[in-house]
């Protein structure tokens, strides 16, 4: 039932004249343009001339297979990812509620695609280094596809998230953060597991991953009936930001629209590698990171994709402090929407920027509040003789 | 934008010849047919002759307002409830994944409707007695609508769920279970808060509530292109079961189909008031309940709606033990779907029944695994010198 993929090659983000065959996925970045200090990611190229008419006129329902022509081949079964609601807040700003995915974060869009690559490669399983959402999502899609999964988790993720990561039957190895990446490489090299998280000095991740995120742009186009003026995205390595941006460029390239939004990389001020790279005019950079409770997007290692999305769209990198994110999180809760602290970074940065735009503004809310630090740590005190006055 | 409601009256389930005006909602059951030992609920009646052509041919997207003609008037803003995916399991059985709602349970469909009633009544807020999903969902919809919310919670709900219930800014009063209902009545009587949970001796709840659940039937009809042969629903008081059943009867009544499914009430064996009432030939009953970890559907107080849905459809009440539910929960996790233990009761009962049906079988999965007992209670042990062998 799924339409065939029009994917034809992997193209280097370091030099767009360099391309590689579509398979095998180059999970350690572009070999020709990367150096010891900087790794360039790849993206997927398509035969855009053959995009079916009407592709972008579909109802934005779950299951990203409806966009199969512009995705890498989908071998993994769906869990009904995507098709998330676009909620209008009091002042007309929109929240794209990605907590409505199968494992309650945006990561499901990526893992449908990367686990498909693992199946195509004939790998016995997938391996992922993750403190939360990415690991659980990879485990869920691997389980659904009949593959094993190894999650290299960190001990400091919230206890409820630890239950979440273990829920899908994956082998969860809890290790110190600095041991995760060498171990991931070993599991790839020794066991032939397919890596669905990063292995390079600056972030490149899986070359197919951001393709899954493109579907957010397609859905927004269907939901708004147009391209938004600006998109504010919680940003760690920039895979989500770049994916959404790429989706919009494809809408333009295939003639569905002539517009494109400004893309805003909203990252914790405690790290903010995208802002630093842009300020220094670098393709990507590595920073020291201070403490932040927005653990899902706190990164020391930046990625070139984030820099490209901001630069090519004319947007900005917007570092935001935890207090600003907390205020946005409270604002959303006051509208009935419980986002993880990281998930409120988009709205936080938009509020802090204080700029108006000539068209709809979309903040991507990436994940459910259940994944936050502090969840489950404040047991309630029982009222012994309650009266209705206590309700006032 | 929302089409007008065709709701015309409240009709007694105790005697269908008795009806009342649509407002005010009779939140303490049918006054004429209820007794000190047994309360009969009400349901909403519509002007079915005026149902718009093509109503049931819509895409099953989020926001139940698309079914507004067959719902009570919707005044509360949407959080994008409904439009949840229907996932096919290995053997062709379907799971309707209600963990994909705004607060990650089916309760959001009900609370969009009941909070609308609170707004129409001019109440300053809503009050709800709930150990989890219902309370958080009511709090979310109240916040979205600009109403206050009081949640009467119990101390024994899981710690992560306590964070969840508090997330939306409601006033949460944690009280002993037996104090909840008198306190709820006081808050209704003294403060004029609108009750969105039960106040009667056997369960009647809010007369409009199950109307929200009807939309599951409409979505299943759109998703399957037909009516299922059987629906297995986790059942506590039976509001969900009855709502889904009523939706199917409306599809038949309005000529969209001539079929209707068998409805199976899947309830914890430790309580099982629906099975008891059916066995005794009673309209509803009250039972003692033993321990069960399926706390979201463990009820001592039964409701007439559950009895009616089972009896009118030709289905059964199916008590299931915790071990059976746990096996179904593991089965779902092995397919990449993390349901709360209660949410797996439908699949558990279907597996235990071992019967085949002449058509699609749907199990309703009501809620996310994040809400379970035990979540967040097993911190991980850190591997000090991990090697790839640990992944085997």
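Chains as they are written, first to last, in my numbering: chain E, 279 to 670; chain G, 279 to 670. Using N, Cα and C, we set each Cβ at its ideal position, and we do this for glycine too.
Point to revise | Positions along the stretch 381 to 394 of chain G whose CB lies within less than 8 Å of some CB in chain E | key: Only 381 and 382 from the stretch 381 to 394 of chain G bring a Cβ to less than 8 Å from some Cβ of chain E.
Point to revise | Identity of the residue in E:519, E:533, E:401 and E:396 nearest residue 327 (chain E) by Cα | key: Counted from its first residue, the first chain places residue 327 (chain E) at position 49. Taking only the C-alpha atoms, the option nearest residue 327 (chain E) is E:533.
Check your understanding: Looking only at DSSP bridge pairs, what is residue 726 (chain E) linked to?
Key -> What the structure shows of chain E is the stretch from 279 to 670, and residue 726 (chain E) is not part of that stretch, so it cannot be assessed.
**Study point:** Coarse secondary structure for residue 564 (chain G), derived from DSSP in three states
**Key:** The sequence position of residue 564 (chain G) within the second chain is 286, counting from 1. Correct three-state label for residue 564 (chain G): strand.
Check your understanding: Whose Cβ in chain B lies nearer than 9 Å to the Cβ of residue 449 (chain E)?
Key -> In the displayed structure, chain B is absent; the protein chains listed are E and G.
Check your understanding: Which partner residues of residue 581 (chain E) appear in the DSSP bridge assignment?
Key -> One-based indexing of the first chain puts residue 581 (chain E) at position 303. DSSP lists E:481 as partners of residue 581 (chain E).
Review point. By DSSP, does residue 394 (chain G) sit in helix, in strand, or in coil?
Key: Translated into the one-based positions of the second chain, residue 394 (chain G) becomes position 116. Reduced to three states, the DSSP call for residue 394 (chain G) is helix.
Review point. Residue 641 (chain E) and residue 596 (chain E): beta carbons closer than 8 Å?
Key: The residue given as residue 641 (chain E) occupies position 363 in the first chain. The residue given as residue 596 (chain E) occupies position 318 in the first chain. For residue 641 (chain E) and residue 596 (chain E), no; Cβs fall outside 8 Å.
Check your understanding: Taking 8 Å as the CB-CB cut-off, is residue 280 (chain E) touching chain G?
Key -> Your numbering for residue 280 (chain E) matches position 2 in the first chain. For residue 280 (chain E), the answer is no, since every Cβ of chain G falls outside 8 Å of its Cβ.
**Study point:** Expected contact under 8 Å - CB spacing of residue 508 (chain G) and residue 588 (chain G) to nearest Å
**Key:** Translated into the one-based positions of the second chain, residue 508 (chain G) becomes position 230. Translated into the one-based positions of the second chain, residue 588 (chain G) becomes position 310. Between residue 508 (chain G) and residue 588 (chain G), the beta carbon gap of about 12 Å keeps them out of contact (Cβ cut-off 8 Å).
Practice item. State the DSSP-derived secondary structure class of residue 510 (chain G), mapped to helix, strand or coil. Key: Looking up residue 510 (chain G) in the second chain gives position 232. When DSSP states are grouped into helix, strand and coil, residue 510 (chain G) belongs to the strand group.
Exercise for review: Find out if the Cβ-Cβ distance for the pair residue 380 (chain G), residue 423 (chain G) is shorter than 8 Å.
Suggested key: The residue given as residue 380 (chain G) occupies position 102 in the second chain. The residue given as residue 423 (chain G) occupies position 145 in the second chain. Not a contact, by the Cβ cut-off of 8 Å.
Check your understanding: Quick one: what's got a C-beta closer than 7 Å to residue 343 (chain G)'s C-beta in the same chain, skipping five residues either side?
Key -> Stepping through the second chain from its first residue, residue 343 (chain G) is reached at position 65. The answer, listed in chain order, is 280, 352 and 356.
Point to revise | Exposed unless 16 or more other CB atoms sit within 10 angstroms - verdict on residue 549 (chain E) | key: Residue mapping note: residue 549 (chain E) aligns to position 271 of the first chain, counting from 1. Buried, since its Cβ has 16 or more Cβ neighbours within 10 Å.
Check your understanding: What's the call for residue 332 (chain G), buried or exposed, on a 16-neighbour Cβ count within 10 Å?
Key -> Indexing the second chain from 1 puts residue 332 (chain G) at position 54. Exposed, by the Cβ-count rule.
Check your understanding: In the structure shown, what three-state DSSP assignment does residue 335 (chain E) receive?
Key -> On the first chain, residue 335 (chain E) is found 57 positions in, with the first residue counted as 1. Residue 335 (chain E): helix per DSSP, three-state reduction.
Review point. Buried or exposed: which applies to residue 310 (chain E), given that a residue is buried once 16 or more other Cβ atoms fall within 10 Å of its Cβ?
Key: Numbered from its first residue, the first chain carries residue 310 (chain E) at position 32. With fewer than 16 other Cβ atoms within 10 Å, it is exposed.
Check your understanding: Mapping DSSP to helix, strand and coil, what is residue 635 (chain G)?
Key -> Taking the second chain and counting its residues from 1, one reaches residue 635 (chain G) at position 357. Reduced to three states, the DSSP call for residue 635 (chain G) is coil.
Point to revise | CA-to-CA distance, residue 443 (chain G) to residue 613 (chain E), given in whole angstroms | key: Counting from 1 along the first chain, the entry for residue 613 (chain E) is found at position 335. Counting from 1 along the second chain, the entry for residue 443 (chain G) is found at position 165. Computed Cα separation, rounded: 14 Å.
Check your understanding: Leaving out five residues before and five after residue 399 (chain E) in sequence, what residues of the same chain have Cβ atoms less than 7 Å from its Cβ?
Key -> Here residue 399 (chain E) refers to the residue found at position 121 of the first chain. For residue 399 (chain E), where only same-chain residues beyond five positions count, the Cβ hits under 7 Å are 302 and 472.
Check your understanding: How close, in whole Å, do the beta carbons of residue 555 (chain E) and residue 561 (chain E) come, if the pair is a contact with beta carbons under 8 Å?
Key -> In the first chain, counting from the first residue as 1, residue 555 (chain E) sits at position 277. In the first chain, counting from the first residue as 1, residue 561 (chain E) sits at position 283. Yes, they are in contact, since the Cβ atoms of residue 555 (chain E) and residue 561 (chain E) sit about 7 Å apart, within 8 Å.
Review point. When you compare only the Cα positions, how much space is there between residue 377 (chain E) and residue 411 (chain E)?
Key: Taking the first chain and counting its residues from 1, the one referred to as residue 377 (chain E) is at position 99. Taking the first chain and counting its residues from 1, the one referred to as residue 411 (chain E) is at position 133. Going from the Cα of residue 377 (chain E) to the Cα of residue 411 (chain E) covers about 11 Å.
Exercise for review: Answer yes or no: do residue 512 (chain G) and residue 623 (chain G) have a C-beta to C-beta separation smaller than 8 Å?
Suggested key: As a position in the second chain, residue 512 (chain G) is number 234, starting the count at 1. As a position in the second chain, residue 623 (chain G) is number 345, starting the count at 1. A Cβ-Cβ contact shorter than 8 Å links residue 512 (chain G) with residue 623 (chain G).
Review point. For a contact meaning CB atoms closer than 8 Å, what does residue 464 (chain E) contact in chain G?
Key: For this step, residue 464 (chain E) is matched to residue 186 along the first chain. Residues of chain G passing the Cβ test: 665 and 666.
Check your understanding: Could you give the C-beta distance for residue 644 (chain E) and residue 618 (chain E), rounded to a whole number, given that I count them as a contact under 8 Å?
Key -> Within the first chain, numbered from 1, the residue matching residue 644 (chain E) stands at position 366. Within the first chain, numbered from 1, the residue matching residue 618 (chain E) stands at position 340. The Cβ separation is near 7 Å, so the contact holds.
Practice item. Grab the span of the alpha helix (DSSP H) containing residue 323 (chain E) for me, first residue to last. Key: On the first chain, residue 323 (chain E) is found 45 positions in, with the first residue counted as 1. Counting along the chain, residue 323 (chain E) falls outside any alpha helix (DSSP H), though it belongs to the beta strand (DSSP E) covering 320 to 324.
Check your understanding: For the alpha helix (DSSP H) that residue 602 (chain G) lies in, which residues bound it at each end?
Key -> Residue numbering aside, residue 602 (chain G) sits at position 324 when the second chain is read from its first letter. Residue 602 (chain G) -> alpha helix (DSSP H) spans 600 to 611.
Check your understanding: Got a sec: does the ligand GDP put a non-hydrogen atom nearer than 7 Å to the Cβ of residue 417 (chain G)?
Key -> With respect to the ligand GDP, the structure offers nothing, as it holds no ligand at all.
Exercise for review: Return no unless some Cβ of chain E is closer than 8 Å to the Cβ of residue 653 (chain G).
Suggested key: In the second chain, the residue the question calls residue 653 (chain G) occupies position 375. At a cut-off of 8 Å, the C-beta of residue 653 (chain G) has a neighbouring C-beta in chain E.
Review point. So, is the C-beta of residue 344 (chain G) closer than 8 Å to a C-beta in chain E?
Key: Reading the second chain from its first residue, position 66 is the one you call residue 344 (chain G). For residue 344 (chain G), the nearest beta carbon of chain E is not closer than 8 Å to its own beta carbon.
Practice item. Just tell me which of E:661, E:521 and E:497 has its CA closest to the CA of residue 323 (chain E). Key: Taking the first residue of the first chain as 1, we reach residue 323 (chain E) at position 45. Of the listed residues, the one whose Cα sits closest to residue 323 (chain E) is E:521.
Practice item. Report the partner residues of residue 544 (chain E) according to the DSSP bridge assignment. Key: Counting from 1 along the first chain, the entry for residue 544 (chain E) is found at position 266. Answer is E:512 and E:596, bridged to residue 544 (chain E).
Check your understanding: Where does residue 576 (chain G) sit, in a helix, a strand or coil, going by DSSP?
Key -> On the second chain, residue 576 (chain G) is found 298 positions in, with the first residue counted as 1. DSSP, read as helix, strand or coil, puts residue 576 (chain G) in coil.
Check your understanding: Could you give the distance in angstroms between the alpha-carbon of residue 501 (chain E) and the alpha-carbon of residue 365 (chain G)?
Key -> The count along the first chain starts at 1 and reaches residue 501 (chain E) at position 223. The count along the second chain starts at 1 and reaches residue 365 (chain G) at position 87. Residue 501 (chain E) and residue 365 (chain G): Cα-Cα distance of roughly 23 Å.
Point to revise | Bridge-paired residues (DSSP) for residue 451 (chain E) | key: Here residue 451 (chain E) refers to the residue found at position 173 when the first chain is read from its first residue. Residue pairing of residue 451 (chain E) in beta bridges, as defined by DSSP: E:430.
Point to revise | Limits of the unbroken alpha helix (DSSP H) element including residue 551 (chain E) | key: Sequence index remark: in the first chain, residue 551 (chain E) carries index 273 (1-based). Note, residue 551 (chain E): alpha helix (DSSP H), 551 to 558.
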